[in-house]
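Student: The numbering of the sequence shown is my numbering, which starts it at 392 and goes up by one. Beta carbons: idealized from backbone N, C-alpha and C, even for Gly. All of these numbers come straight from a predicted model, not from anything done at the bench.
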Amino acid sequence: MLPLLRELFRPFQKRLGRVPAGKLLVWGELAAGERSFGPEDLGRIDAMFQTPDVGQYKSGVHGCAVRLAGLLQACAPKSGPLYLNAASRDGRKVLSLWLMEVEPLAWIVYEPEQRAISGGDAGPFRLVLPGFQAPRDSIVDLALIEIGNQGEQERLG
392 MLPLLRELFR
402 PFQKRLGRVP
412 AGKLLVWGEL
422 AAGERSFGPE
432 DLGRIDAMFQ
442 TPDVGQYKSG
452 VHGCAVRLAG
462 LLQACAPKSG
472 PLYLNAASRD
482 GRKVLSLWLM
492 EVEPLAWIVY
502 EPEQRAISGG
512 DAGPFRLVLP
522 GFQAPRDSIV
532 DLALIEIGNQ
542 GEQERLG
């Protein structure tokens with residue numbers, strides 16, 4: 392596919408430019424449409440999906456986190472989506488994963504330990520996948536999650 396045509400079929404990359412600082416954008420096959428979350432919004436998701444220290448589940452990573460399953464419950468995905476596509480704010484790291492595989496395992500860190508200690512603003516967000524090996528085990532500075540029927544790499548052909 393020609394590079395110019397390829398860009399026309401990359402809505403994922405186009406959305407990255409629209410993500411406000413300090414927010415996580417979730418879009419795709421969602422009943423209520425696109426949702427934007429700040430750290431305080433993620434902290435308000437049901438307590439059964441929260442942990443005060445994600446280090447219990449993934450060594451070397453610390454901070455308050457919410458399970459991906461809790462985020463998805465808040466977003467109400469339509470039935471049938473197969474993929475979780477996620478990207479860092481700069482778009483350099485993109486993961487396409489089977490949603491069924493990562494939904495029960497994945498965490499989104501919204502208040503990293505070093506930010507809580509220093510009193511700085513919460514964030515950036517981080518996707519953490521316990522049990523996965525590098526480079527597919529996390530995305531630092533997570534900005535975008537798409538729940539969809541196609542992996543980002545499949546769109547590129």
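(1) Only counting the same chain, and skipping five residues up and downstream in sequence, which positions put a Cβ closer than 6 Å to that of Phe428?
(2) Could you tell me how far apart the beta carbons of Leu459 and Ile499 are, in whole angstroms, since I believe they sit closer than 8 Å?
(3) Have a look at Pro503, Pro430 and Arg527 and flag the residue whose alpha-carbon is nearest the alpha-carbon of His453.
(4) Which stretch, first to last residue, makes up the alpha helix (DSSP H) that contains Gly451?
(5) Residues in the same chain with beta-carbon distance under 6 Å from Glu420, minus the five sequence neighbours each way, listed in chain order, please.
(6) Output the boundary residues of the alpha helix (DSSP H) element that contains Leu473.
(7) Can you list, in chain order, the residues of its chain with a C-beta nearer than 8 Å to that of Ala423? Leave out the 5 residues immediately preceding and following it.
(8) Taking contact to mean at least 3 C-beta pairs separated by less than 8 Å, is the segment 473-493 in contact with the segment 434-453?
(9) According to DSSP, is Glu572 helix, strand or coil?
(10) Leaving out five residues before and five after Phe440 in sequence, what residues of the same chain have Cβ atoms less than 7 Å from its Cβ?
(11) Tell me whether the beta-carbon of Leu490 lies closer than 8 Å to the beta-carbon of Tyr474.
(12) Measuring straight from C-alpha to C-alpha, what distance separates Lys405 and Glu492?
(13) In terms of DSSP beta bridges, what is Arg458 paired with?
Tutor: Let me lay it out:
(1) Leu415
(2) 6 Å
(3) Pro503
(4) Where Gly451 is concerned, there is no enclosing alpha helix (DSSP H), given that its DSSP letter is neither H nor E.
(5) Pro468, Lys469, Pro472, Ile538 and Gly539
(6) It is not in any alpha helix (DSSP H) - Leu473 carries neither H nor E in the DSSP assignment.
(7) Cys466 and Ala467
(8) no
(9) This structure leaves residue 572 out entirely; the chain is present only between 392 and 548.
(10) Val457, Arg458, Ala460 and Gly461
(11) yes
(12) 26 Å
(13) Trp498
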